Amino acid sequence: MSPLISCIVPVFNGELYLAEALESILNQTYRPLEVIVVDDGSTDGTAAVAASYGDRVRYFRQENSGAPTARNFGVGVARGAFAAFLDADDLWHAEKLERQMARFEARPELDYCITHLQNFWTPEFEGERKRFKDHRFAEPLPGYVTATLLARGRTFEKVGGFNAALRLGDTTDWFLRASECGAVMELLPDVLMYRRIHGSNISIGPQGGAMNSSMQNSVLQVMKASLDRRRAQSRAELPSLNFPRSQPHKKD
Amino acid sequence: MLTLRERLRPRDEEIAAKVIDGEAIIINLANGIYYSMDKVGGLIWDLLQVGYDLEEIVVAVTERYDVSREQVQADVQELVEELLRENLVSVSENGASVEKRQVEQQEKLPYEVPKLNIYRDMGDLLALDPPTPGLGNTPWKDPEDGSSD
């Protein structure tokens, strides 16, 4: 029997795209899975969208306190041996979980697996899409985001959860801490997640591309904290992170 | 060779940098290489990014640290050339003099040669939102405005 995967969807005022995100989970070729929606205090129709899925979705609501807290809440109530995450405005490839689980079967030592992602623009940002046509931002990118992440439950015991004190940069922080504690990871060349660029992405402006300055600030703070932790670990030589260099990506 | 009247500026379109607790943390967003410089190096980066020219940096470091001007001058020159080689700064075309900060310290600090630490172990962790030179300056147009292409 294949292990259960808990698919955790943190959402704040996501009524516009939530159904599409949930469909892309329910359309996964992999089974068994459970869908956990953690509503981060939405004031729009998010709850109704989730309710329309009946018992195919486990719905939870928290006071508005940010996506990291919502993800941690999801991990806390998850029943699966594995956890995956999807933001309410993004989409999965139908074989995302199946292809990632094949890697876990092949490598029992694997702690987590991420994939490449492809940005896409909503129709009202057609002009932006054209502007980025020949830019690296329009190419598949290594997906160091939670929406590509599939992790064994034990990985969260080892690494801990997402840092709720950081509203931005919490994902970078998690990947750095995972690396520091020796978590074994794999970055799949396959493009298995589609990131929607729209007017209100939190880390990237509507122009996409360059990180905005508050995101840059958070990442710099997170890097400094990682250097401090690693220097405290070893006085002789700074322990190295173990992130791979890019490999060719696979699109289909 | 750079002259001491040269002013350098961080290449903001490609890098993110900040001095945190006296340590400069610099990330090259184009390739994910990151850097750190603490103590004297952190001070030099801080002064460079507020617009001091190299001579003014040498004077400021000599005021704060127990060290000869000659040594600071040689160390600053060497460090700055490394920053240029790593593409973290560029020579500023039209820098104007900036107001100098007052130093309020009683005793000079022990000097250590500034060192740029270079780390290449982050792979593609930060490659997700690549810098967009040229595009970054494109004024944002409202989707309603209809003239965006």
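Those protein sequence lines, which keep their order, are chains Y and S.
Here the first sequence is numbered in the numbering used here, starting from 1 and rising by one per residue.
Here the second sequence is numbered in the numbering used here, starting from 1001 and rising by one per residue.
Virtual Cβ for every residue (Gly too), placed ideally from N, Cα, C.
This structure is a prediction, so every number in the text was calculated from the model and none was measured.
List the residues of chain Y that residue i touches, going by C-beta distances under 7 Å, in chain order.
i, result
"S:M1122", "L241, F243"
"S:E1023", "K224"
Along chain S, in chain order, which residues have C-beta atoms closer than 7 Å to that of residue i?
i, result
"Y:F175", "L1125"
"Y:Q233", "Ordered by position in chain S, no residue passes the 7 Å Cβ test against Y:Q233, which lies about 14 Å from the chain."
"Y:Q216", "A1016"
Are the Cβ atoms of residue i and residue j separated by less than 8 Å?
i, j, result
"Y:Q118", "Y:Y194", "yes"
"S:V1050", "S:V1076", "no"
"Y:H198", "Y:F85", "no"
"Y:A88", "Y:V9", "yes"
"Y:S65", "Y:I36", "no"
"S:L1125", "Y:F243", "yes"
"Y:L33", "Y:L97", "yes"
"Y:D40", "Y:Q62", "yes"
"S:V1091", "S:L1008", "yes"
"Y:R103", "Y:L192", "no"
"S:E1023", "S:S1036", "yes"
"S:G1041", "S:L1116", "yes"
"Y:S52", "Y:V11", "no"
"S:P1010", "S:V1098", "no"
"Y:A50", "Y:Y59", "yes"
"Y:R177", "Y:V159", "yes"
Grouping DSSP H, G and I as helix and E and B as strand, with all else coil, what is residue i?
i, result
"Y:F73", "helix"
"Y:G208", "Bear in mind that a pLDDT of 45 at Y:G208, under 50, signals an unreliable position, so the model cannot answer this."
"S:W1140", "Per-residue confidence for S:W1140 stands at a pLDDT of 35, beneath the threshold of 50, marking its modelled position as unreliable; no derived number is given."
"S:S1090", "strand"
"S:K1108", "coil"
"Y:E186", "strand"
"Y:M223", "helix"
"Y:L86", "coil"
"Y:N13", "coil"
"Y:P244", "coil"
"S:S1036", "strand"
"Y:N217", "helix"
"Y:F60", "strand"
"S:L1126", "coil"
"Y:F156", "helix"
"Y:T122", "coil"
"Y:A19", "helix"
"S:R1009", "strand"
"S:S1148", "Bear in mind that the predicted position of S:S1148 carries a pLDDT of just 34, short of 50, making it too unreliable to give a figure here."
"Y:R196", "strand"
"S:L1054", "helix"
Output the distance between the C-alpha atoms of residue i and residue j, rounded to the nearest integer angstrom.
i, j, result
"S:L1043", "S:Q1106", "18 Å"
"Y:E109", "Y:V184", "7 Å"
"Y:F175", "Y:G169", "10 Å"
"S:D1012", "Y:A78", "42 Å"
"S:A1016", "S:G1123", "17 Å"
"Y:D190", "Y:G143", "10 Å"
"Y:K224", "Y:I25", "36 Å"
"Y:L254", "S:L1029", "Coverage of chain Y is limited to positions 1 through 252, which leaves residue 254 of chain Y absent and any answer about it impossible."
"S:Q1073", "Y:R231", "29 Å"
"Y:F120", "Y:M101", "25 Å"
"Y:L238", "Y:I114", "26 Å"
"S:Y1034", "S:I1118", "6 Å"
"S:Q1102", "S:Y1052", "13 Å"
"Y:A47", "Y:M215", "29 Å"
"S:K1108", "S:V1061", "10 Å"
"Y:Y112", "Y:T69", "20 Å"
"S:E1078", "S:R1085", "11 Å"
"Y:T155", "Y:L141", "24 Å"
"S:S1068", "S:L1047", "19 Å"
"Y:H116", "Y:A165", "27 Å"
"Y:F132", "S:A1127", "16 Å"
"S:K1018", "Y:T122", "34 Å"
"S:D1121", "Y:L227", "12 Å"
Kindly list, in the order they appear in chain S, the residues whose Cβ is closer than 9 Å to that of residue i.
i, result
"Y:P142", "G1123, D1124, L1125, A1127, L1128"
"Y:L227", "E1023, I1025, Y1034, S1036, N1117, Y1119"
In chain S, what lies closer than 8 Å to residue i by C-beta?
i, result
"Y:V219", "A1016, I1027, L1126"
Identify the contact partners of residue i in chain Y, using a Cβ-Cβ distance below 8 Å as the criterion.
i, result
"S:I1020", "L220, Q221, K224"
Considering only heavy atoms of the ligand MG, does any lie closer than 7 Å to the CB of residue i?
i, result
"Y:C7", "For the structure depicted, the ligand MG is absent and the ligand set is empty, with no information on it obtainable."
If contact means a Cβ-Cβ distance below 9 Å, which residues of the segment 1095–1119 of chain S contact chain Y? Correct list: N1117, Y1119.
Please identify, using Cβ separations under 7 Å, the residues of the segment 1053–1084 of chain S that lie next to chain Y, in order along the chain. Among the residues of the segment 1053–1084 of chain S, none has a Cβ less than 7 Å away from any Cβ of chain Y.
Contact residues within the segment 159–186 of chain Y, judged by C-beta distance below 7 Å to chain S: Within the segment 159–186 of chain Y, the qualifying residues are T172, F175.
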